[in-house]
Amino acid sequence: MALIRVEHVSKSFASRHTSISIMQDISFAVKDSDFLAIVGPSGCGKSTLLRLIQGLDRPTKGQIFFRDQAVDQVCRQMAMVFQNFALYPWLTVAQNVAFGLEALGWPPERIAPQVERYISVIGLDGFQEAYPRELSGGMRQRVGLARALAVEPAVLLMDEPFSALDPLTAANLRDEVLQLWRDPQLPPEAVLLVSHNIEEAIELADRVIVLSRRPGHLLAEVAVNLPRPRDRKSAAFYDLTDRVYSLITQGGPPAGGPSGDGGASPVG
14 MALIRVEHVS KSFASRHTSI SIMQDISFAV KDSDFLAIVG PSGCGKSTLL RLIQGLDRPT
74 KGQIFFRDQA VDQVCRQMAM VFQNFALYPW LTVAQNVAFG LEALGWPPER IAPQVERYIS
134 VIGLDGFQEA YPRELSGGMR QRVGLARALA VEPAVLLMDE PFSALDPLTA ANLRDEVLQL
194 WRDPQLPPEA VLLVSHNIEE AIELADRVIV LSRRPGHLLA EVAVNLPRPR DRKSAAFYDL
254 TDRVYSLITQ GGPPAGGPSG DGGASPVG
């Protein structure tokens with residue numbers, strides 16, 4: 014059974030004089046233990062798709078299922094990490110991490126140890142009483158990650174989580190996210206990452222969903238069959254990066270047409 018099924022999803026927004034189509038007829042599945050990346054040009058609906066999957070918005074057409082149940086409201090078994098940290102500046106680190114647990118109605122006696130656990134897991138020990146303005150960008154994103162993981166989601170949704178960070182901090186945090194995902198004692202069961210960075214997607218994910226220009230449709234699902242840790246300088250890594258880049262810039266193969274070798278398959 015798939016953890017998530019996205020079935021023929023389309024999304025449009027009504028403007029004053031017309032309707033703007035963001036994405037059309039997108040279908041794919043997410044399994045247990047998947048690390049799936051979604052890439053494509055700006056404006057193709059990547060972030061919108063994450064919102065639809067979590068139930069923060071509804072598709073214009075199609076349906077999304079989580080464990081065979083239709084997603085028709087916010088799914089509490091998913092958590093989101095945002096590009097811009099999305100922390101409350103008037104709350105301390107510990108209070109920001111506790112926010113989601115409080116929203117779920119956890120009693121205080123359960124919240125306190127859960128907050129301490131995930132502050133420690135993410136490497137924020139000693140910063141419990143600090144405010145976001147006192148933290149670096151990397152530390153603020155750690156707070157956002159700890160807040161998401163504290164609710165112990167089955168699925169972690171990540172919307173460009175490393176794009177606002179300097180390269181070294183981003184690289185370190187990517188490594189830590191992989192370690193968390195591979196630890197059977199910690200959530201989540203699956204990760205969905207939206208990224209503009211093709212190399213980042215190939216470094217992290219087992220599969221890469223490639224979307225076209227707006228209105229976004231699914232060009233291909235590319236399997237990343239490279240051993241971890243992945244070497245960005247290897248020929249195989251370069252070939253996959255070039256393949257995904259070509260799909261995006263050239264529009265990809267026609268539906269039902271040949272995809273070439275190496276794991277990139279067209280999706281109708």
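Be aware that the sequence shown starts at 14, since it is given in my numbering, and climbs by one per residue.
Beta carbons are placed, not taken as given, at the ideal position from N, Cα and C, and that holds for glycine.
Just so it is clear, the structure is predicted and the values come from calculations on it, not from any experiment.
Is A203 buried or exposed, if buried means 16 or more other CB atoms sit within 10 Å of its CB?
-> So A203 counts as buried.
On the three-state DSSP scale, how would you describe D255?
-> D255 sits in a helix when the DSSP states are folded into three classes.
To the nearest angstrom, how far is it from the Cα of S133 to the Cα of S34?
-> Their backbone Cα atoms lie some 43 Å apart in a straight line.
Quick one: Cα of R29 to Cα of R155, how far?
-> Their Cα atoms are separated by approximately 40 Å.
Indicate the three-state DSSP secondary structure (helix, strand or coil) for E234 in the structure shown.
-> Strand.
By Cβ distance below 7 Å, which residues in the same chain neighbour Y144 in space, the five residues on each side in sequence not counted?
-> Answer for Y144: P102 and T105, listed in chain order.
To which residues of the same chain is A111 closer than 6 Å at the C-beta, ignoring the five residues directly before and after it?
-> Once the five neighbours on either side are set aside, the close Cβ partners of A111 are I124 and V128.
Can you tell me which of M91, L206 and N97 puts its alpha carbon nearest to the alpha carbon of P166?
-> It is M91.
Do the stretch 59-74 and the stretch 241-257 meet, that is, are 3 or more Cβ pairs less than 8 Å apart?
-> With the cut-off at 8 Å, the stretch 59-74 and the stretch 241-257 do not touch.
Excluding sequence positions up to five away, which residues of its chain have a Cβ less than 6 Å from the Cβ of G265?
-> Confidence in G265 is poor, its pLDDT being 46 and thus under 50, which makes the residue's placement too unreliable to answer from.
Under a three-way DSSP split, which group does I35 fall into?
-> Strand.
Pull up the distance between the alpha-carbon of M93 and that of L186, whole angstroms please.
-> The C-alpha of L186 is placed about 16 Å away from the C-alpha of M93.
Does the beta carbon of D70 fall short of 7 Å from some heavy atom of the ligand FAD?
-> The model on display carries no ligand, and the ligand FAD is accordingly not part of it.
Which ranges would you report for the beta strand (DSSP E) in the stretch 60-134 if only whole runs of at least 3 residues count?
-> Fully enclosed beta strand (DSSP E) runs of 3 or longer: 74-79 and 91-94.
Please state whether DSSP places G53 in a helix, a strand or coil.
-> Under the three-state reduction of DSSP, G53 is assigned to coil, being neither helix nor strand.
Round the Cβ separation of A50 and L217 to the nearest angstrom and send it over; I've been treating them as touching at under 8 Å.
-> Confirmed, Cβ separation roughly 6 Å.
Where does G264 sit, in a helix, a strand or coil, going by DSSP?
-> Of the three classes helix, strand and coil, the one that applies to G264 here is coil, per DSSP.
Quick one: Cα of V41 to Cα of E20, how far?
-> Residue identity check: residue 41 is Phe in the sequence provided, not Val. Computed Cα separation, rounded: 7 Å.
Residue environment, M14, which counts as buried when at least 16 other CB atoms sit within 10 Å | It counts as exposed.
Have a look at the DSSP bridge pairing and note the partners of L170.
-> Beta-bridge analysis with DSSP links L170 to M93 and L205.
Please list, in chain order, all residues of the same chain as F140 whose beta carbon is under 6 Å from its beta carbon, the five residues on each side excluded.
-> Here the set comprises V106.
Alpha-carbon spacing of L191 relative to I215, whole angstroms | Going by the C-alpha atoms only, they are around 13 Å apart.
C-beta atoms of A236 and R226 nearer than 8 Å = Cβ atoms of A236 and R226: not closer than 8 Å.
Alpha carbon to alpha carbon, how far is R245 from P121?
-> Between R245 and P121, the C-alpha separation is close to 45 Å.
Looking at C-alpha atoms only, which residue of L181, S46 and V168 is the closest neighbour of E213?
-> Taking only the C-alpha atoms, the option nearest E213 is L181.
Coarse secondary structure for R18, derived from DSSP in three states = In the structure shown, R18 falls within a strand segment according to DSSP collapsed to helix, strand and coil.
Out of S32, I17, R18 and L16, state which residue places its alpha-carbon closest to the alpha-carbon of P228.
-> The shortest Cα separation from P228 among S32, I17, R18 and L16 belongs to S32.
Given that a residue counts as buried once 16 or more other Cβ atoms are within 10 Å of its Cβ, and exposed if not, what is S208?
-> It counts as buried.
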